[in-house]
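Trainee: Take the sequence shown: its position 1086, counted from the start at 1, is 1090 in my numbering, and no numbers get skipped.
Where is the CB? At the ideal position from N, CA and C, for every residue including glycine.
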Amino acid sequence: MSHLSSKVESELQPLLRQLLKSIKERISGAPSVECAEEILLHLEETDENFHNYELVKYLRNYIDTALGSVIDEETEKCTAAEGRSLGSGQDTLVQQVTKKTRESEEYKEMMKSLKNTMMIVVESLINKFEEDQLKKEELHRRKQHEQHTSYCMDSCSDSGSSFNQSYTFMNQEQLQTIVGKMDPSQPKEDKSLRFYAKTFSSSTFTTTRETYTSLAKHLESCFTSQQSPVPTLFAGIDITSPEIVQLLKKFRLLNEFQKEVPSFWIRHPEKFMEEIVESTLSLLSVTHEQNRRTETSCHVLEPIYFLALLDTKASWFNKWMHGYYSRTVVLRLLENKYKSLINAAVRQCLNYFDSKNLEDDDTDNLSTMLYHLNGDRRTYYTGHELQYIYFVHSLCLLGRLLMYTRGRKLFPVKVKNRKEPVSLMDLLVLLIQMMYQHPKSAQNGNITQTDSYAPANLVMEVLRMLCGRKECATECLYRSIVIDSLLFPISTLLKGEQMIVTGIETVLINTADILARIASTDRGLSLLLFGENKKEAARNCSSAQVIAEFTKRLLDGELPTLVSTEPTPALKGAFIFVCRQMYNTCEGLEVLMPYSLHEAISKAWKKACLLSERIPTPIAGSESDSSAAQELQNTMILEEMLLDNLLNFAATPKGLLLLQQTGALNECVVFMFSRFTKKLQVSKCEKFGYGVMVTQVAATAPGIVALQSSGFIKALVMELWSVLECGRDDARMINPKPTPVEPIDRSCQKSFLALVNLLSSFYAVYELIGNLPLPNKASYSLREVPTSIVDVIDRLIIMNSNAKIHSLFNYEHSHMFGVRLLNVMCCNLDILLLLESQYHVSEILLNAQKENVRENLENPGDFIIDGLSVERNHILVRMNLIGGPSERILPQRVLQKGNDPYRWPLFSSYPLPKYYLREPLKNLALKQDNEFNKLLKNSEKQRGWLENCKKHFCRIMISKPDIIKGSILVELLEKVVDHLSDNPSECFFTPYEASDTSVKHFNHSPIQQLGIKMVVRYGRSLGLLKDDSDQELAVLLMHCERFMKQQQTTISSSLCCLQGGYIGHDWFASTAFLIMSGDGERTLKFLHQFSSLLVSAFLWLPRLHSSMHLSVENAESGIHPVYSCTAYYIEMLLKTEVPLVFSAFRMSGFTPSQICQHWLAQCFWNYLNWTEIGHYIAVCIILGPDYQVYMCIALLKHLEQEILHHMQTQDLQIFLKIHPSFSQHQHLQVSCLLKKYWLDLSAVHTLPSLPERTENSALSQISIRCRGSSPWISC
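1) Report back the beta-carbon spacing between H388 and A318 to the nearest angstrom; my notes put them in contact at under 8 Å.
2) Does DSSP put S1111 in a helix, a strand or coil?
3) I believe L257 touches A220 by the beta-carbon criterion, under 8 Å. Please report the beta-carbon distance rounded to the nearest angstrom.
4) When you compare only the Cα positions, how much space is there between A702 and V1142?
5) Is it true that the CB of H1162 sits closer than 8 Å to the CB of N832?
6) For V126, count neighbouring Cβ atoms within 10 angstroms of its own Cβ and tell me buried if that reaches 16, exposed if not.
7) As a quick exercise: from F238, C545, F261, I1177, pick the residue whose alpha carbon is nearest that of F209.
8) Run through DSSP, which three-state label would V857 get?
9) Measuring CA to CA, which of E224, N131, S32 is closest to V290?
10) Under a three-way DSSP split, which group does R21 fall into?
11) Unbroken beta strand (DSSP E) runs of length 3 or more, entirely within the stretch 570–620: which are they?
12) Per DSSP, what kind of secondary structure is V721 in: helix, strand or coil?
13) Is the separation between the beta-carbon of A654 and that of T681 shorter than 8 Å?
14) Quick one: what does DSSP say D76 is sitting in, helix, strand or coil?
15) Answer yes or no: the CB of V823 versus the heavy atoms of the ligand FAD, is any distance below 7 Å?
16) Report yes or no: do three or more beta-carbon pairs, one from the stretch 1149–1161 and one from the stretch 869–883, lie closer than 8 Å?
17) Using a Cβ-Cβ cut-off of 6 Å (strictly less than) and excluding sequence neighbours within five positions of Q1052, which residues of its own chain qualify?
18) If distances are taken between C-alpha atoms only, which option among Y599, A578, G659, P895 comes closest to Q549?
19) Can you look up Q1052 in the DSSP assignment and give me helix, strand or coil?
20) Nearest to V721 by alpha carbon, out of V789, A705, L772?
21) Give me the residue from P1125, K556, L910 with the minimum Cα distance to L894.
22) So, under 8 Å CB-CB, M676 and L642 are touching, yes? Tell me the CB distance rounded to an integer number of Å.
23) Checking 8 Å against the spacing of the C-beta atoms, do V426 and V350 come in under that value?
24) Per DSSP, what kind of secondary structure is L1281 in: helix, strand or coil?
25) Between the Cα of Y767 and the Cα atoms of V1126, H1043, Y62, M1112, which residue gives the shortest distance?
26) Below 6 Å CB to CB, which residues in the same chain sit around G1015 once its five sequence neighbours on both sides are set aside?
27) Where does C39 land, buried or exposed, given buried means 16+ other C-beta within 10 angstroms?
28) Using a Cβ cut-off of 8 Å (strictly closer), state whether K275 contacts chain C.
29) In this structure, does DSSP put I1134 in helix, strand or coil?
30) Is DSSP giving C831 helix, strand or coil here?
31) For K808, is the classification buried or exposed, using 16 other Cβ atoms within 10 angstroms of its Cβ as the cut-off for buried?
32) Just how far apart, CA to CA, sit W1169 and D834?
33) On a Cα-Cα basis, can you pick out the residue from S616, D648, A578, L529 that is closest to E594?
34) Should C1060 be labelled buried (16 or more other beta-carbon atoms within 10 Å of its own) or exposed?
35) Excluding the 5 residues flanking S714 on each side, which residues of the same chain have their C-beta closer than 6 Å to its C-beta?
36) Does DSSP put D488 in a helix, a strand or coil?
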């Protein structure tokens, strides 16, 4: 189509006109031409009727006709090549076709023709519009002129706002007509004001500018000439005086224009705005010293007083500072010419603060006066009131000024009668002290309109405004001097001193509000915890500790100065909320731990519960009905507030342990569930919902039990079922639901991730399904909805009957969801063993594969390749094969294009096809390190041998880590453990005395039996074990179980995981068995010595299961120290070392502690290659248990880019569990970590921001105590 005909042009005109009429309101409401263009460009996104416009339909048909053949041709070209797949770095098919089409000649010709035609159509519409307008104006010219002149004379106001009218520009003749028709009997001043008012609203920008500047200069002359009668401050203002009336009218007209002009001055030249700003600042900078009258001893009122009387909160200045366009000019003029205006504002605030005659009652009366300033008809304002009005105006002006960098650079300022200039910090301290000096009590916690003019509330507005902007808060509030000023009333009360302030509770609540806002940011939190100088904070008591001490005493009722009156719930809640911003982070909890706030809050909550139970139920008609109801409501609010703050301990692993020890975990989870279902925000300072907290709670056995009892899991399962099988009840079925093309449909993604988070921990899964059989009913009703995890497994995963298949409306989609969930769950080896031992999952999957064959006489037994068979094949291989990234082959889960869509062999029985088995790696002859070998051989009774060994070990791990494996690794571990166990200071636990007869009566659980087979299978694939190693490993694990039984204590708990011995498989003992190449006696001797070391508590998880070495509270909690201690420090250091990764976890609703607990529990099996697993064990034993933390930090740092990518694709949990791409050649950055750490071996070394490698290091801070023969760890 080379050209559009004139007929088409005539057709397009009405279509374009129709479109413009439809969007007329949107375009006319745009503040600028650029905004109108944006509206047109994004019309398809914002207008639901876009595709119904006739012009759009016409253009769509036109494009189809012009480019349809080109698009079809390019599509065929892009899809012609067989087997071609688009990787993540390539364009999609649509993008490729689009690119090729836009490069074609047909597209260029079409665009040229369309552009030319549309230009003609638009031009003709404009011409026609102009013709219509000219005819209209000619027809109504005289009538409009008469009406316009009459209107000007009748409605021009000298005091009201004239800027809500549309602009009608007038020429010089029209202005002269207005002047000529003014009433001659009116005073000259009134005539001038009327003329100014009309000129502002009806003239060109040049005339408007000149009118405003002339009015400003006239007012300036009124205050500098001798003839103008300006009252003094002492005399006050009588607004009935004719002179004052005229002056106020002029200022009101000026102020109205000031507030309206920012909405349109960007349309005019910059000079227009500059002259208006400069004339205004020049007027306001006039001081009483410039008045030329003889009575110079009297303080003559300045222009700023009159403007403040009309615009007390300086809204004109706020509007001028809002836009960058005007703000730049204002700040430049203030800096270069009119800094005296800022000096005067600061001086006014200082004078108000220093005035001793302003009692609290006077301040209350003044704030009430300001509230009624525009409502009541007052005729006189005293000098005292005028000073307060000017103070409020100055405070609001300075507050707005502090929001901007150039505004803050105006400080320090020189103030009259003061020797030292006033700095920015001086001003902020002054404002905070002003808040203490003149607090204003709020009614029922709410600030009334009258209170908004009180000094304390004005200061609070400024401080809140500064807190809300990161840069402002950093420069203004995140300073030790500001924090000390905020903490002054708290420190005073802690010292037992009485503050001479009325409304002390209001002061404290205001202080807590600002402190909470500061603590909610990373920079502010660091300031409160460690101060500006961390070394000084270490020697002195930090701000956080002061706040925690005050909060604890407040809850315990131990503040002498507040004993006379019971602190209100609002006061308690305000300070608990400050502490909450700290203890819901790992670093904050670490600082506040000594104050046991969880116990104090729990005690207060239990007390509130008892009070609510004692309050009698209100009886209708009783006189005490309302009072009892109000008391009950207040008590319930207090109870809920305390429970909410107690819940936030669950934000960190160690905090969750503390919460569990209070006994309020169940109630907190019920409260969280009630808010979670209502989609309520966690708090005013939180950006995310309860997702992360739910995940944190679900990582532990007591947490998952609490979630189940609260109804959370039932609600989640029922929501999942409604999405999978029923669809949403409130969804309008206009079109049929599309068939899902992805394994997990987008509508189910949220439920899938929620289940993955919920079932991430083995302890959680065991509590939910341990020893519970599947229903396996003979029939299932279509209305039967699952309500538990066992039901989900029964209905969606274990599809072993036709009844289950027929009970599903969307069998393939729902079963695929279940199989994908099973795949993620089986990444945890303990969960895999649990499912296999209870439900024989692999057998059911193999039977399903066996049934999924073609009934073909020529090729009997050929598998049908579909989504489910491919997914089952992947899971079966994953369940049977153990190994790191380069030690096993896992089949893909997608089909390829071409004749062979799936090259991976399917099977219906074990063993696996040889296709999936790698050949055992050959032991390459590596050049040995003679110095290191010599060190290992000469290890007996040498002083300093252990330190020398650490030095050489780190050197080799950096330069040639492949040397440390096999017999060298065995010898190294044995000798290091032997040296450590001979040192009494390194032995924390009682060693195990083994005997052959003591294990004969022990039987392994089904999980352990399956685990033994899995370990032996892995050992054989590595070439480490012989065929008859099963029995030797079984005996070793019996010895270990016997040892654990000896050191377990009797526990009273309802948790399933605490009923007896360790419920999972012993992966550390199995790892040691493989390291020793299947030598059971040698492994047992190694474990015997190793069991006395501190590191065994963290590498060997069964070591502390229900252990007598733990405190009773920790042992009964069901939370392992690897979670409450190791994972806790991982989260703490990850936030500092790799903040982007930490943020990605939070945004994904997942926690680093969950995935790290998963990796550590199974000693990185299936995630690291065998050599690297040996390195991990060696690093932790030789260098210390805190290297378990550093190892996880290194892994997450190594995966940083992938983590950020999968956070965006919303599958981070699945990625970290199924296929994190650890690089063998980079040694997972452990070498870099060691090199960074051991850079100078002659001194004490620390990683930046990581705990020092001394006895005070992160994990070495575990408090080890001994009472007789019963040591325990307090984690």
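Mentor: Let me spell this out:
1) Not really, about 20 Å apart at Cβ, beyond 8 Å.
2) strand
3) For L257 against A220, the beta-carbon gap comes to about 11 Å, at or over 8 Å, which does not count as contact.
4) 24 Å
5) The answer is yes: Cβ separation under 8 Å.
6) V126 should be labelled exposed.
7) Selected option, being the one with the closest Cα: F261.
8) strand
9) E224
10) Judged by DSSP in its simplified three-state form, R21 adopts helix.
11) none
12) helix
13) no
14) helix
15) Among the components modelled here there is no ligand, and therefore nothing to report on the ligand FAD.
16) Using a C-beta cut-off of 8 Å, the stretch 1149–1161 makes no contact with the stretch 869–883, since fewer than three inter-stretch Cβ pairs fall below that distance.
17) S1110
18) Y599
19) strand
20) V789
21) Considering only alpha carbons, the answer is L910.
22) The Cβ separation is near 18 Å, so there is no contact.
23) yes
24) There is no way to answer for residue 1281, as the model of the chain reaches only from 5 to 1279.
25) V1126
26) L837, H1069
27) exposed
28) No chain C is present in this structure, which holds just one protein chain.
29) Residue state, collapsed to three classes: helix.
30) coil
31) buried
32) In a straight line, the C-alpha of W1169 is about 11 Å away from that of D834.
33) L529
34) buried
35) For S714, where only same-chain residues beyond five positions count, the Cβ hits under 6 Å are V673, V674, F677.
36) helix
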